[in-house]
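See structure below.
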Amino acid sequence: MKKVIVLNGSPRRNFNTAKLLKEAQKGAESAGAETEFFNLYEYNFKGCMSCFACQRKGSTTEGICALRDDLKPILEKCLNADAIIIGTPVYFSYPTGIFRSFVERLMFPNHTYMVDKENGGLKRRLGDKIIPTGVIFTMNCPEELANQINYNIILDENVKSLNHIMGYAEGLYSYDTTQFADFSKYNCDLFNPEHKHQVQQTQFPIDLQRAFDLGKKLTEMN
Ligand SMILES: Cc1cc2nc3c(=O)[nH]c(=O)nc-3n(C[C@H](O)[C@H](O)[C@H](O)COP(=O)(O)O)c2cc1C
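Numbering (our numbering), first residue to last: 692 to 913.
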């Protein structure tokens, strides 16, 4: 049976990012996958510690970070999965720190500093193996503004490096999300609650469907 790992890089377990990830999970299951969902904030781990155990000559790490902490078994599952789907809210224009710590630990042991003389660029440690990877970003920003302030470029960089290391990566962007369940409880006049409600009712269901389709598509790729 195919295995798909879903990873939530938001501290909130059931808000925008998690909701989209759960739809992507359903999409993967609809394509016959067995899935596991991890809330990354529940685990105790750091980013890459630059120990280079994975880059040494004769390294036996086999694409799994040598650090022994809560993340190791999750990284092992990711490397053995048929697809992985990671989500993150945008915090001050970037993915969350937890998301970055996770992808550093996933990517560096599968990164090489060896030149691919035949094809150019760097050799892939995974060779011909592809672990299709979905990256779901959620943000307050409406799409037009996000593009004006270069969120597309910043966020795409995360997708591009995963695309190289994992063999395939695709981003899904959910804009203009609803941050607060009840806007009246917060000091906030930047957002119009009616507009947010409308986006929640009209656009977010479309994003949920896109997330479902992404989970299904990635699962079917392997
Ligand atoms: C610390 C923090 C920083 C944020 N920075 C941004 C930002 O720079 N741009 C943006 O569009 N939204 C920003 N947001 C809003 C979240 O990205 C947005 O509400 C997201 O959908 C939340 O995801 P969640 O519901 O899964 O927690 C920020 C939220 C927090 C808590």
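Where a beta carbon is used, it is the ideal one built from N, C-alpha and C, also for glycine.
With a cut-off of 8 Å on the beta carbons, I'd call residue i and residue j a contact; round off their distance for me.
i: E848; j: G825; result: Rounded, the Cβ-Cβ distance is 16 Å, inconsistent with contact.
i: I696; j: K768; result: 5 Å
i: S784; j: I845; result: 6 Å
i: T708; j: T779; result: 6 Å
Helix, strand or coil: which one does DSSP assign to residue i?
i: S792; result: helix
i: K710; result: helix
i: T893; result: helix
i: F874; result: helix
i: K887; result: helix
i: K737; result: coil
i: K748; result: coil
i: N699; result: strand
In this structure, what does DSSP give as the bridge partners for residue i?
i: Y864; result: F828
i: E911; result: DSSP output for E911 lists no bridge partner at all.
i: K694; result: E725
i: N730; result: N699
Work out the CA separation of residue j and residue i for me, nearest whole Å.
i: P896; j: K717; result: 14 Å
i: V781; j: T829; result: 6 Å
i: H802; j: S750; result: 13 Å
i: K908; j: K748; result: 37 Å
i: K820; j: N854; result: 12 Å
Give a yes or no on whether 8 Å exceeds the smallest Cβ distance from residue i to chain D.
i: K748; result: The structure shown has no chain D; it contains just one protein chain.
Unbroken beta strand (DSSP E) runs of length 3 or more, entirely within the region 766 to 838: which are they? 774 to 782 and 824 to 829
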